[in-house]
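Participant:
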Amino acid sequence: MIAAGEVVENPASLVKELLENSLDANSKYIKIDVKNGGKNIKFTDDGKGMSREDLLLCIERHATSKISSKDDLFNLNTYGFRGEALSSIAAVSKMTIATKRKEDSSGYSISVTAGKITNLKDTQKSTGTEIEINNLFFNTPARLKFLRKDTTENTKIKEIVLQEALANPNVSIILVIDGKENIRTSGTGIENTIIEIFGVSTLKNLKPVEFGYIGNLSLTRSTKDFIFTFVNNRPVKAKIIEEALIDGYYTHLMRGKYPFAIVNLKVDPKSIDVNVHPSKKIIKFSDENKIYHDIYSITESELNFDKN
Ligand code: ADP
Ligand code: MG
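Residues 139 to 446 in the numbering used here are what the sequence shown spells out, letter by letter.
1) Who pairs with residue 250 in a beta bridge, going by DSSP?
2) Runs of 3 residues minimum, wholly inside the region 304-371: which ones carry the beta strand (DSSP E) assignment?
3) Would you decide whether residue 225 is buried or exposed? Buried here means 16 or more other CB atoms lie within 10 Å of its CB.
4) First and last residue of the alpha helix (DSSP H) that includes residue 159?
5) What does the Cβ neighbour count give for residue 259, buried or exposed, with the cut at 16 atoms within 10 Å?
6) Could you tell me if residue 319 is buried or exposed, where buried requires 16 or more neighbouring beta carbons within 10 angstroms of its beta carbon?
7) Is residue 375 closer than 8 Å to residue 419 when the C-beta atoms are compared?
8) Please state the DSSP three-state secondary structure of residue 224.
9) Given a cut-off of 8 Å on the beta-carbon distance, is the pair residue 400 and residue 383 in contact?
10) Determine which residues share a DSSP beta bridge with residue 396 and list them.
11) On a Cα-Cα basis, can you pick out the residue from 361, 360 and 340 that is closest to residue 351?
12) So is the beta-carbon of residue 310 under 7 Å away from any non-hydrogen atom of the ligand ADP?
13) Within 10 Å of its beta-carbon, does residue 184 have 16 or more other beta-carbons around it, so buried, or fewer, so exposed?
14) For residue 332, tell me which candidate among 367, 186 and 304 has the shortest Cα-Cα distance.
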C-alpha cells in the first residue's frame, strides 16, 4: 500500500528508524554510539524489549507489532508501522540485536549478516534492547559509494538526534560520535532539554506560546534550520508551518532572516497524512488554512515580547 524502500538511504535515516523504534518501545533512556561516519552504530535502550519469537520475526520484511489492520494506517500513534526498517538494515550490514523483556528470565541475542541469521543465543542483559550495526552497506558498493564524507554524515545524524531529543523531552537521549559526547539530554522536560541542547540564554529568549516556543529577534537566524516542527511529537517538514511562522515574523524580520521557533502541534491523527513520503518526514494537513492562520496570528501577536 505504501511506496517504500528508501528507509535506509544513509546512516542518518537508519538512526532515525532505530531511535523511533526505541521510542515506540517506551524507552526512557537511549544511547547512540556512532563511528566511521555512521557505518558502525550501537544503540542501547531501556525499553520493553522483545520476546524470542519477536526477535526472530523483527528482521523479516513487513513484520511489525504495531499495526493489525490496514485501517490502523489512518490512526497512527506509534512512529513505526511498516515493519521495514530492521529487515532493510539487516540486509545491508552485519547486525547483532540483544534484547530482554522485564517478564523474561533471560535475554536473547541474534546476529545477522546480509539478512542471514548467523547466530541465536540466550544472553544475560538488563531490560531493553541493544542493536549493533557494523559495516553498513558492505555488500552494496553502490550505496557505500554514495555516502558523503564522515563529517557530513555525522552532521546529518546530529540533526536527526537533535530533532528527536526536542520532540521527546521526557526521554534521556545521548549521542556519542567517535567517542565524543555530542548531545545529552536528561529527559526532564522541554525547558531543560532546550537548555541542554542550546544553552540557557536561548531559553531566556524564547517565549512559550500555544503551539510551542517562538524566539525573539535576538535569536534570528540566517537559515531555516532553527525552525523545529513537530506534529504529535513526530519531527516533520510541513511547508505551511514554516510559511506561517515566517509570515508572522515578517514585519520584524529583514529579508534573508528566519525565526528560531519550536512548533509542536497536537492534531487528530486522522487529519494528517504522513504517507506523502515513505520517510514520514513530509506531511499534509486536511485543513492547511486553519493551521496557517493559527500559527500566523499567534506569532504575530506574541512577537512583541522582545520590544520591552
Ligand atoms: P516497525 O517499527 O515499522 O514496526 P521495524 O522494522 O522498525 O518496523 O521494527 C520491527 C519490529 O521490531 C517492531 O514492530 C518492534 O516489535 C520490534 N522492535 C524494533 N526495535 C525495537 C526496540 N528498540 N525495542 C523493542 N522492540 C523493537
Ligand atoms: Mg520502526
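Note that beta-carbon positions come from the ideal geometry of N, C-alpha and C, so glycine has one too.
Facilitator: On the basis of the data shown:
1) 233 and 255
2) 310-315, 318-322, 344-347, 350-353 and 365-369
3) buried
4) 149-162
5) exposed
6) exposed
7) yes
8) helix
9) no
10) 359
11) 340
12) no
13) buried
14) 304
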